[in-house]
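Per full-length UniProt numbering, the sequence shown starts with residue 1, numbered consecutively. From the three backbone atoms N, C-alpha and C, an ideal C-beta is built for every residue, glycine too. Predicted model only: the values in this text are computed from it and were never measured.
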Amino acid sequence: MEHAGSCWAFSAAASIEGINKIVKGDLISLSEQQLFACDNNDDGCAGGLHYRAFSYVVSIGGITTEENYPYEPDQAVSITAYEIVPANNEKLLMNAVANQPVSVSIDSHEFQFYSGGIFDEPCGTNLNHEVTLVGYDTADDGGPYWIAKNSWGESWGEEGYILLKKDVPEKEGQCGLAIRAAFPVI
1 MEHAGSCWAF SAAASIEGIN KIVKGDLISL SEQQLFACDN NDDGCAGGLH YRAFSYVVSI
61 GGITTEENYP YEPDQAVSIT AYEIVPANNE KLLMNAVANQ PVSVSIDSHE FQFYSGGIFD
121 EPCGTNLNHE VTLVGYDTAD DGGPYWIAKN SWGESWGEEG YILLKKDVPE KEGQCGLAIR
181 AAFPVI
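This is the structure we're talking about:
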């Protein structure tokens, strides 16, 4: 990710890409740049929130492909709405992730130098970054974890992904991932 503060756009675009693939069968790379430049609900590279990006995409009728930016409406992927996952409930979050990618806000301070394995270190709930939960699994040793796509490039973490401990005692989830989550609807 070249621009600090743009993770919200990457997370929102990735969630829309995922649900479009699930519903329509097409994996289309969408334009994060459109969200930075045109979504007046957010602040471009100064920061934003995934659910406000979803609201923007609903209001304009779609988001264009990465290849076709500037915006060309006939090349857009539309969403009809978005749903917010109730806060502090990993079970409901898991139900949502079982069906599609989900954008979440997270405290990224402690995992900036993550290089692999299940991240289970203590971390806070100062929501300063956005990632996309794309799945969950259980490790060979029995420990459950979330699979999150990050926007920091494929050289970070596990080829651009982080595995975050799941079912932690804190209701907010590991690094606050259960506090603010939403997903697009097609």
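- Pairwise C-beta distances place the segment 89-100 out of contact with the segment 33-46, as fewer than three of them are shorter than 8 Å.
- Look at A37 here: in three-state DSSP terms it is helix.
- Note that the C-beta distance between S103 and F36 is not below 8 Å.
- With a threshold of 16 other beta carbon atoms within 10 Å, V23 falls short and is exposed.
- Counting the other CB atoms within 10 Å of its CB gives K171 a total below 16, which places it among the exposed residues.
- Annotated three-state conformation of F111 is helix, per DSSP.
- Counting only the Cα atoms, Q100 lies some 26 Å from G124.
- If you draw a 10 Å sphere on the C-beta of D137, you find fewer than 16 other C-beta atoms in it, and that means exposed.
- Taking I79 as the centre and dropping the five residues before and after it, the same chain places the C-beta of I16, F54, V57, V58, P184, V185 and I186 closer than 7 Å to its C-beta, in chain order.
- Classified as buried, Q174 has 16 or more neighbouring CB atoms from the shown chains inside 10 Å of its CB.
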